[in-house]
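Numbering (the working numbering), first residue to last: -12 to 187.
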């Protein structure tokens, strides 16, 4: 009986990266708000098409729906990458493609979200313990500080340290995710310095 054909990594990775980018470029906030018949979140609040701004502008019900879409959209391609036996670094490349699709979607002139909810979804598949710790930290800070940017920045910065403890094989991957999230928050950091960052 012949052994099943297993494609080499160079043949598997490019299509999975493309699928990751395509799935990531589906902005949950836009779909949820359109279906609900409410204002485009890019026109109000922080003008960001993501969970925090939908919460700020349209309330918790639509924000939760946005969170679910943005966290779940990369799950199928990541599970496929794991099923096909990709090593952790390659799984991370696919996950990073999901985040880049969310942050810089071609269909929306490369104007996407901040990748926090999408990063949570990606890490929930690759490093579930890290994702849970960071989500708990985000929720605690958002409740206490009432500023999504602070919660996002601190939880993102904590992710690599948490990964050292809970998922050491994915430390480099998590560092890449963290750097992207921090990059996407540069304007928020400037607004925090000026004291005019919008609250939740």
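The beta carbon of each residue, even a glycine, is placed where N, CA and C say it ideally should be.
Cβ neighbour criterion (16 or more within 10 Å) applied to residue i
i: residue 4; result: buried
i: residue 65; result: buried
i: residue -4; result: exposed
i: residue 7; result: buried
i: residue 159; result: exposed
i: residue 167; result: buried
i: residue 171; result: buried
i: residue 93; result: exposed
Sequence-distant residues of its chain with Cβ nearer than 6 Å to residue i (five each side left out)
i: residue 165; result: 143, 146 and 147
i: residue 40; result: 28, 32 and 33
Sequence-distant residues of its chain with Cβ nearer than 7 Å to residue i (five each side left out)
i: residue 69; result: 78
Close Cβ partners of residue i (< 8 Å) along its chain, the five nearest in sequence each way excluded
i: residue 10; result: 60, 61, 63, 64, 85 and 88
beta-carbon residue i near the ligand SAH non-hydrogen atom, thresh 8 Å
i: residue 28; result: The model on display carries no ligand, and the ligand SAH is accordingly not part of it.
Mind the definition here: the region 92 to 112 touches the region 49 to 60 only if three or more C-beta pairs lie below 8 Å; say whether that holds.
yes
How do the region 18 to 38 and the region 97 to 105 stand: do at least 3 beta-carbon pairs fall below 8 Å, yes or no?
yes
Report yes or no: do the region 134 to 142 and the region 166 to 179 share at least 3 C-beta pairs separated by less than 8 Å?
yes
What alpha helix (DSSP H) runs, 4 residues minimum, are completely inside the region 17 to 82?
38 to 45, 47 to 59 and 62 to 70
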